[in-house]
Every structure is written in C-alpha cells, then in structure tokens.
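Residue numbers (our numbering): 2 to 66. Worksheet: one structure, shown below.
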C-alpha cells in the first residue's frame, strides 16, 4: 500500500520549461505524422463520398432526362 508521501514522490518535480507531458522529439514527429495521415485519409474519404454523390446525380439525371 502506498502512502501519500510515496505517491507524491513518484511524480517528477517540474522544472522550468519542461511540463509533465513533455514528449520526446521522435514521439512528437510520430504524432504529427499520424495526424497528417489521418487527415489525408479523411480528405480522401470525403472526396470519394462527394464523387459518388455527383456520379449518382448524373446517373439519375440521365435516367430521368
């Protein structure tokens, strides 16, 4: 069982300019690459959806025409 003193000692003491959630350089690069890949995939799916919508409208207008 940990006491409050043990739990307090387990956390690092924050120094100036280095918060608790300070990531390493390569971890930050990995987050940026993951966010970029996710946004590219989302944009691709949005373009596919818009393309399918336009194609279905063209087919519908050709069928009604």
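Built from N, CA and C at the ideal position, the CB exists for glycine as well.
Take the alpha-carbon of residue 66 and the one of residue 58: they are about 12 angstroms apart. Under the three-state reduction of DSSP, residue 25 is assigned to coil, being neither helix nor strand. Shown here, residue 39 sits in a helix according to DSSP, grouped into three states. The C-alpha of residue 32 is placed about 10 angstroms away from the C-alpha of residue 39.
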